[in-house]
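Here the protein sequences come in this chain order: H and R. If you count the first sequence from 1, position 168 lands on 168 in this note's numbering, and the numbers rise without skipping. Throughout, this note's numbering is defined as the position within the second sequence, counted from one, plus 278. Note that CB positions come from ideal geometry on N, CA and C, so glycine has one too. These numbers come from a predicted model, not from an experiment.
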Amino acid sequence: MRSFGAVSAIALNTFRETVRDRVLYAIVFFALVATLAGLVLGTLSVEQDVRILEDLGLFTITAFGGIIAIFIGTNLVFKEIDRRTIFLIFTKPIKRWEFVTGKFLGLALCILVVCFAMGLFLIAIVCWQTLQTADPSVSWTTTLTNTLIPSLIPRLLTSLVLMYVELVLVIALATFFSTFSTPLMSMLFTFGLWICGHMTDSLKALGELSTSPVVKVVTNGLYNALPDLALLTRIRGEALDGGNFPIDLVSGIGAYVLLYTVLLLSFATVIAERREFQ
Amino acid sequence: MTETVIHVQGLVKDHLSNFLRKRFRALDGLNLTVRKGETYGLLGPNGAGKTTTQKLLLGLLKPTGGTVQVLGYQPGDTRALARIGFLPENPYFYAYLTAYEFLDFFGRLFNLCAAKRKERIAELLKLVSLTEARDRPVRKFSKGMMQRLGVAQALLNDPDLIFLDEPNTGLDPIGRRDIRNIMLALKEQGKTIFFNSHMLPDVRDICDRVGVLHRGKLVGEGEVEAICTSGNYQDLEDYFMDLINTAEEEYRKTGGITPYHIEREGVR
Ligand SMILES: Nc1ncnc2c1ncn2[C@@H]1O[C@H](COP(=O)(O)OP(=O)(O)O)[C@@H](O)[C@H]1O
Ligand SMILES: [Mg+2]
């Protein structure tokens, strides 16, 4: 109960900090511009394909959600240390794990809100586009009740949830690196691992091709240790197509990401317990 | 015998500089005892090791050697921290928060319930004369207002033991007087205060006992009243300068055991 109070206080403060940060709005602005550009591309494409719009929209939200996670996440703990506000925090009766968890949750909440807003925007655009391209003899209410509500909107929402699972991992990585490394290094590490998570197949192939034992060990290690984000993306694509939803695979990946997050935050806690604050 | 609140024995702290991994001994065999209800002033020139001492007592730094007990616990123990207030040197606050939000945040970290926080924050804003600035963002605060907000933050939990690192440095005369009055009021209430400073007139007014730190060593310690009435010294400043000069001479003679970074690096 006491821990809950401390964690939620840190999370709320982190949430406030991020939503009052101009960096967030700059990134969201670019995301909107990118989505609008996607909209234009979508309308110009020969088949007026709604699917292109969906894919592009989801990609944009993932990319920008990830960018926010990396930019803000890698600064999270570092800024507290750099600006010496950490002296005020760690001289209060709170545990280091409460601090680390609160920081993580605050940013995760902020990104949830941002992604939800961008997701709503995407859903609105896709619905509008569908109505535009629908058979003119069918009334828009029929399209709404027959296509949009039962099929299109749930499919998009499912994909958005799967996308957030991926972002949770990015947020945890950024928070972890932020406890002991400079923002620039943390950004490189986080971004690198995020991309590697998407290229697990290539990593495996690279390891098999390479003759160097070092490369083999590294690629194999990364292949085995990183969550398979490429698989998650494939599942997301299938969910978007309305294909059957492999609940066991998804919950497997979800559990893995959760375990990962807990491990990363535990390491971050150990580091915060060990290190000195100058 | 009154209760011992701070007990430090043979405390040693080496700072490792990032370059060349060179060791620098910031504290060298410090012994210190502060009793309940006492106002203790740790004096010393810039770089003497005052801030290092407070950070060690609070668990922000880990000792290289020696033992430290604060309120009967290891430094940094949350049970002790629940009864401690701390104002760091040149505090920086979250610029994006208002004064009220700032205090509310720390009130939560002290695990005060909502009603208690509300009441306590109103009381403290009044005490440090910031009631008017309650909803103003901290980034618009002057240095003196920051310092007073820092004091309010340190008193949220109605602490038994208060650490203040140079609370009266860099303030104008009014700001200094305000801080001094607040400290006197706290002393009245029977709080134990551990206070770093080199503002000697303020120390004279507030402290029961002082210790003089020089190059990481305690070179003198005594009751303020006794020092000022013994006839050996004109005032506290005379006492301070005398101890520092003697220590410095001694240091020159022995060639110095610890490397001298103080003049170059100044305050950190
Ligand atoms: N992180 C650090 N790395 C190396 N040296 C340090 C560090 N922090 C403080 N010092 C050195 O330790 C000495 C004591 O510093 P400090 O405790 O801040 O002094 P004071 O508070 O009395 O001015 C100074 O010479 C300072 O340069
Ligand atoms: Mg200092």
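_G448(R) beta carbon near ligand 1 (any heavy atom closer than 7 Å)_ = no
*Name the chain H residues whose beta carbon is nearer than 8 Å to that of Q431(R)?*
L88
*Return the bridge partner residues of V286(R) from the DSSP annotation.*
L310(R) and V346(R)
*asked:* I'd like to know if I94(H) contacts chain R, where contact means its C-beta is closer than 8 Å to some C-beta of that chain.
replied: yes
*Would you check whether ligand 2 has a heavy atom nearer than 7 Å to the C-beta of N309(R)?*
no
_Considering just the uninterrupted stretch of the beta strand (DSSP E) at N474(R), what are its terminal residues?_
T470 to S475
*Determine the chain H residues that contact Y372(R) at a beta-carbon separation under 9 Å, and present them in chain order.*
N13, R16, E17, R83 and T85
*Does the stretch 310 to 327 of chain R come within contact of the stretch 471 to 480 of chain R, defined as at least 3 CB pairs closer than 8 Å?*
yes
_A37(H) - DSSP class collapsed to helix/strand/coil_ = helix
*As assigned by DSSP and simplified to three states, the class of Y260(H)*: helix
*Would you please verify whether the beta carbon of F383(R) is less than 8 Å from any beta carbon of chain H?*
yes
*Helix or strand or just coil, what does DSSP make of V490(R)?*
strand
*For the stretch 395 to 413 of chain R against the stretch 439 to 449 of chain R, are there 3 or more C-beta pairs whose distance is under 8 Å?*
no
*Residue range of the beta strand (DSSP E) that L462(R) falls in?*
That residue, L462(R), is in no beta strand (DSSP E); its alpha helix (DSSP H) goes P451 to E466.
*Flag this pair as yes or no: are the beta carbons of R426(R) and L439(R) separated by less than 8 Å?*
no
*Is any heavy atom of ligand 1 found at a distance shorter than 7 Å from the C-beta of F180(H)?*
no
*T329(R) Cβ short of 7 Å to ligand 2 heavy atom set*: yes
*Do A432(R) and L365(R) have their CB atoms nearer than 8 Å?*
yes
*asked:* Does the contact criterion of 3 or more C-beta pairs under 8 Å hold for the stretch 135 to 145 of chain H versus the stretch 223 to 234 of chain H?
replied: no
*Using 8 Å as the limit for Cβ to Cβ distance, is F302(R) near chain H?*
no
*Secondary structure of D248(H), DSSP reduced to three states*: helix
*Inter-stretch contact (C-beta, 8 Å, three-pair minimum) for the stretch 365 to 374 of chain R and the stretch 386 to 393 of chain R*: no
_N-terminal and C-terminal residue of the alpha helix (DSSP H) that E367(R) is part of_ = Segment: none, E367(R) is in no alpha helix (DSSP H) and carries neither H nor E.
_Which of the three DSSP states is assigned to H539(R) in this structure?_
Its pLDDT being 39, under 50, H539(R) is placed unreliably in this model, and the value from its coordinates should be taken loosely. Note: H539(R) maps to coil in three-state DSSP.
*Drop a sphere of 10 angstroms on the beta-carbon of E80(H), count the other beta-carbons inside from all chains shown, and report buried for 16 or more, exposed for fewer.*
buried
*Based on Cα-Cα distance, which residue from R234(H), L131(H), I72(H) and F99(H) lies nearest to L107(H)?*
I72(H)
*Output the residue ranges of the beta strand (DSSP E) runs that lie fully inside the stretch 53 to 135 of chain H and measure 3 residues or longer, sorted by chain position.*
none
*asked:* What I want to know is whether the C-beta of A326(R) ends up closer than 7 Å to one or more non-hydrogen atoms of ligand 1.
replied: yes
*Cβ neighbours of Y260(H) in the same chain (closer than 7 Å, five flanking residues each side left out)*: L169, A172 and P227
*Would the beta-carbon of K421(R) fall within 8 Å of that of G448(R)?*
yes
*Range of the contiguous alpha helix (DSSP H) that encloses F180(H)*: Where F180(H) is concerned, there is no enclosing alpha helix (DSSP H), given that its DSSP letter is neither H nor E.
*Check the Cβ-Cβ distances between K340(R) and every residue of chain B, and say whether any is below 8 Å.*
The displayed structure is made up of protein chains H and R, and chain B is not among them.
_F388(R): contacting residues in chain H (beta-carbon distance under 8 Å)_ = K92 and P93
_Any heavy atom of ligand 2 closer than 7 Å to the beta-carbon of D480(R)?_
no
*How would you call N75(H), buried or exposed, if buried means at least 16 neighbouring beta carbons within 10 angstroms?*
buried
*Enumerate in chain order the residues of its own chain whose CB-to-CB distance from L462(R) is below 7 Å, with the five nearest sequence positions on each side excluded.*
I484
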